[in-house]
Amino acid sequence: MNLDISKANHNEFLPIDLLLLADPSEEMIERYRNSGETYLAKIDGDLVGGFILSPISQEEIEIKNIAVYEPFQKQGFGKELMKYAIRTAKMEAYKRIIVKTANSSQYQIEFYKKLKFNLESVIKGHFMKYYKKPILENGEEAIDQMVFMRLL
Ligand code: COA
Numbered sequence: 002m003n004l005d006i007s008k009a010n011h012n013e014f015l016p017i018d019l020l021l022l023a024d025p026s027e028e029m030i031e032r033y034r035n036s037g038e039t040y041l042a043k044i045d046g047d048l049v050g051g052f053i054l055s056p057i058s059q060e061e062i063e064i065k066n067i068a069v070y071e072p073f074q075k076q077g078f079g080k081e082l083m084k085y086a087i088r089t090a091k092m093e094a095y096k097r098i099i100v101k102t103a104n105s106s107q108y109q110i111e112f113y114k115k116l117k118f119n120l121e122s123v124i125k126g127h128f129m130k131y132y133k134k135p136i137l138e139n140g141e142e143a144i145d146q147m148v149f150m151r152l153l
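In this text, residue positions in the sequence shown follow our numbering: the first is 2, and each later residue adds one.
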């Protein structure tokens with residue numbers, strides 16, 4: 002199965018059901034949805050995943066809301082998306098790429114570590130402050146935001 006990743010045209014977007022896999026708050030999604038370029042991943046023309054690349058400064062860019070639809074997860078596509086994001090950021094001359102997740106997102110934390118991202122900082126209480134409903138993952142509550150960084 003060939004994954005085709007490309008920058009979205011002005012009339013293409015990531016559907017809300019995909020965005021909600023990575024972030025349970027529609028309110029938060031609306032805040033950053035247009036903060037950068039959207040990338041779509043398709044197989045035979047069907048959308049299977051995507052992400053947003055959102056510049057923070059001239060030197061730093063953030064991967065936001067990376068997600069792969071469930072039937073396509075754990076087959077290497079997430080990794081391909083991350084590698085594409087890293088290559089794109091490098092080509093655009095950024096020096097650092099970051100990705101943020103929750104203390105409770107153990108699978109995602111391992112996923113980012115395997116892609117050579119290191120924990121840079123922890124934003125204490127982020128999810129208590131900005132999310133109206135508690136987020137539970139495998140019985141653990143999302144409280145702190147974990148910022149992972151890779152040098153480019
Ligand atoms: N069971 C458990 N882990 C497995 C697995 C399985 N059957 N198959 C693969 N993995 C693990 C492996 O560690 C693999 O690395 P490896 O190269 O050492 O084997 C790693 O997952 C990467 O797998 P990959 O298949 O590329 O990831 P993915 O396509 O599932 O994408 C996410 C990863 C996080 C994008 C995807 O799970 C997802 O969309 N999740 C929901 C949205 C989300 O949480 N986004 C991030 C918000 S912070």
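Backbone N, C-alpha and C fix where the C-beta goes; we use that ideal spot for every residue, glycine too.
Given the structure is predicted, the values throughout are model-derived calculations rather than measurements.
Query                                                                                                                        : Result
Sequence-ordered residues whose beta carbon comes within less than 6 Å of a heavy atom of the ligand COA                     : LEU22, ALA23, ILE67, ALA68, VAL69, GLN74, LYS75, GLN76, GLY77, PHE78, GLY79, LYS80, THR102, SER106, GLN109, PHE112, LYS115
ILE98 beta carbon less than 8 Å from that of ARG151                                                                          : yes
Beta-bridge partners of SER55, as assigned by DSSP                                                                           : GLU63
Beta-carbon contacts of LYS101 that lie in its chain and below 6 Å, excluding the five residues immediately before and after : GLN146, VAL148
Alpha carbon of LYS114 to alpha carbon of SER106, nearest angstrom                                                           : 12 Å
Exposed unless 16 or more other CB atoms sit within 10 angstroms - verdict on MET92                                          : exposed
Contacting residues, own chain, Cβ-Cβ under 7 Å from LEU22 (five flanking each side not counted)                             : ALA68
Rounded straight-line distance, which links the Cα of LEU137 to that of PHE78                                                : 25 Å
SER55 versus TYR33, TYR70, ILE17, residue with shortest Cα-Cα distance                                                       : TYR33
Endpoints, the beta strand (DSSP E) within which ALA42 is located                                                            : 38 to 44
GLU142 to ILE124 span [Cα, whole Å]                                                                                          : 15 Å
Member of PHE118, GLN59, ILE30 whose CA lies at the smallest distance from the CA of LYS80                                   : PHE118
Those runs of the beta strand (DSSP E) which lie wholly inside the segment 53 to 128 and span at least 3 residues            : 61 to 69, 97 to 103, 119 to 124
Bridge partners - ASP145, DSSP secondary structure assignment                                                                : In DSSP, ASP145 forms no bridge with anything.
Buried/exposed call for TYR131, threshold 16 Cβ in 10 Å                                                                      : exposed
Beta carbon of ALA9 nearer than 8 Å to that of LEU48                                                                         : no
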